[in-house]
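Participant:
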Amino acid sequence: RRRRKKPLFEGLPIAASTEEAVDNILYNSPTSAPAAVTRHVLNCLVSNEPGVLSHLSGVLAGRGFNIESLVVAKTEVPDLSRMTVVLNGQKVVIEQAKKQLEDLVPVWAVLDYTHGKIVERELLLAKVSTVPHEHMSEVGEHDIETHDDGIANFPTSSLSPLLGASVQRQAIVELARLFGARIVDVSVDGVILELSAKPTRIDAFLKLLKPYGIIEASRSGAMAMPRSPVEGVFEEEQELVEEETGAVDATMLPPG
Numbered sequence: 070r071r072r073r074k075k076p077l078f079e080g081l082p083i084a085a086s087t088e089e090a091v092d093n094i095l096y097n098s099p100t101s102a103p104a105a106v107t108r109h110v111l112n113c114l115v116s117n118e119p120g121v122l123s124h125l126s127g128v129l130a131g132r133g134f135n136i137e138s139l140v141v142a143k144t145e146v147p148d149l150s151r152m153t154v155v156l157n158g159q160k161v162v163i164e165q166a167k168k169q170l171e172d173l174v175p176v177w178a179v180l181d182y183t184h185g186k187i188v189e190r191e192l193l194l195a196k197v198s199t200v201p202h203e204h205m206s207e208v209g210e211h212d213i214e215t216h217d218d219g220i221a222n223f224p225t226s227s228l229s230p231l232l233g234a235s236v237q238r239q240a241i242v243e244l245a246r247l248f249g250a251r252i253v254d255v256s257v258d259g260v261i262l263e264l265s266a267k268p269t270r271i272d273a274f275l276k277l278l279k280p281y282g283i284i285e286a287s288r289s290g291a292m293a294m295p296r297s298p299v300e301g302v303f304e305e306e307q308e309l310v311e312e313e314t315g316a317v318d319a320t321m322l323p324p325g
């Protein structure tokens with residue numbers, strides 16, 4: 070008696086239904102990488118009337134944007150104001166927010182300067198102490214040494230308080246000169262510096278001023294304007310060498 074041969078594909082699963090096949094394809098498809106979060110500069114031309122700022126900031130806040138800076142002021146046209154908004158977000162979401170801003174009645178136009186040739190500036194006012202740390206009247210408890218008789222021994226310096234303040238003031242003046250800042254006020258214990266530059270340059274300036282003791286600082290926020298080409302060609306913006314290399318005279322920095 071002859072034996073029957075078993076089918077070649079016996080035991081294999083039955084073909085899946087259309088719904089199961091679609092679910093399987095969707096499950097095994099790789100997900101696309103999320104879009105990168107980038108810095109965007111928006112310039113809004115709005116009517117000079119009350120409530121415009123709250124409307125625009127409400128739209129951006131509703132989409133969860135963290136506004137890095139926002140500057141608004143009137144222009145040469147009495148009924149027109151210019152608003153510069155710097156925020157971080159994904160490109161697609163920024164485009165949606167831009168269209169939503171353009172639908173507002175007081176908004177005339179929303180321009181995206183993110184990838185354009187622009188001049189971007191920010192104003193900084195910083196009050197810096199000219200009194201060296203070793204001559205400060207208020208000394209932390211960890212800096213006070215107490216003798217056996219209970220008398221506190223404050224740290225001393227080889228320089229007199231007047232000479233030490235003069236040396237620190239001169240170092241601050243030299244640092245301001247390197248960054249192109251101006252001194253707008255001088256007092257016994259501090260100076261007020263004014264600097265108009267790119268936001269990244271202001272960040273570097275504040276970082277170098279920190280060891281001297283920043284009493285207070287105020288930043289205006291970024292303002293931007295598109296550049297105009299000369300004979301169809303954009304001239305490269307001239308920057309100081311220390312902005313690119315970060316090179317500063319080490320002898321003018323405080324100890325440590």
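FYI, the numbering for the sequence shown is 70 to 325, going by this note's numbering.
Glycine included, every Cβ here is placed at the ideal spot set by N, Cα and C.
1) With distances taken Cα to Cα, identify the nearest neighbour of ILE136 among LYS143, LEU122, GLU145 and PRO147.
2) Would you check if there are 3 or more beta carbon pairs closer than 8 angstroms linking the stretch 193–204 to the stretch 255–273?
3) Is DSSP giving GLY131 helix, strand or coil here?
4) What's the C-alpha gap between LYS143 and LEU149?
5) I need the DSSP call for VAL110, collapsed to helix, strand or coil.
6) For GLN237, count neighbouring Cβ atoms within 10 angstroms of its own Cβ and tell me buried if that reaches 16, exposed if not.
7) Can you tell me which of THR269, GLY282 and ARG108 puts its alpha carbon nearest to the alpha carbon of ALA240?
8) Apart from the five residues just before and just after VAL179, which ones in its own chain have a Cβ nearer than 7 angstroms to its Cβ?
9) Tell me, to the nearest whole angstrom, how far the beta carbon of SER297 is from that of GLY259; I am working on the premise that it is less than 8 angstroms.
10) For a test of the three-state rule: what should DSSP assign to LYS276, helix, strand or coil?
11) Below 8 angstroms CB to CB, which residues in the same chain sit around ALA245 once its five sequence neighbours on both sides are set aside?
12) Among the candidates SER86, SER98, VAL299 and SER289, whose CA atom is the shortest distance from the CA of GLU189?
13) Where does ASN93 fall in DSSP's three states?
14) To which residues does DSSP link SER287 through a beta bridge?
15) Assign LEU139 to one of three DSSP states: helix, strand, or coil.
16) Whose CA, out of MET292, ALA273, VAL141 and GLN159, lies closest to the CA of VAL115?
17) Within 10 angstroms of its Cβ, does GLU89 collect 16 or more other Cβ (buried), or is it exposed?
18) Measuring alpha carbon to alpha carbon, tell me which residue in PRO295, LEU173, SER235 and GLY133 is nearest SER256.
19) Assuming contact is defined by CB atoms lying nearer than 8 angstroms, are LEU156 and HIS124 in contact in what I supplied?
20) Measuring alpha carbon to alpha carbon, tell me which of GLY233, ALA273, LYS160 and MET152 ends up nearest GLY249.
21) For PRO99, does the three-state DSSP call read helix, strand or coil?
22) Within 10 angstroms of its Cβ, does ARG132 collect 16 or more other Cβ (buried), or is it exposed?
23) Measuring straight from C-alpha to C-alpha, what distance separates PRO280 and THR100?
24) Does DSSP classify GLU145 as helix, strand or coil?
25) Measuring alpha carbon to alpha carbon, tell me which residue in VAL146, ASP181 and LEU247 is nearest ASN117.
26) Which one or two residues does DSSP pair with ALA178 in a beta bridge?
27) Keeping to the same chain, check which residues put their C-beta closer than 8 angstroms to that of LYS271; ignore five residues upstream and five downstream.
Facilitator: Walking through what the data contain:
1) LEU122
2) yes
3) helix
4) 6 angstroms
5) strand
6) buried
7) GLY282
8) LEU111, CYS113, LYS167, LEU170 and GLU171
9) Contact flag wrong, Cβ pair sits at about 41 angstroms.
10) helix
11) ARG251, ILE252, LEU262 and LEU264
12) SER289
13) helix
14) LEU194
15) strand
16) VAL141
17) exposed
18) SER235
19) no
20) ALA273
21) coil
22) exposed
23) 47 angstroms
24) coil
25) VAL146
26) LEU114
27) According to the sequence as given, residue 271 is Ile; it is not Lys. Cβ within range, chain order: GLU191, LEU193, LEU264 and ARG288.
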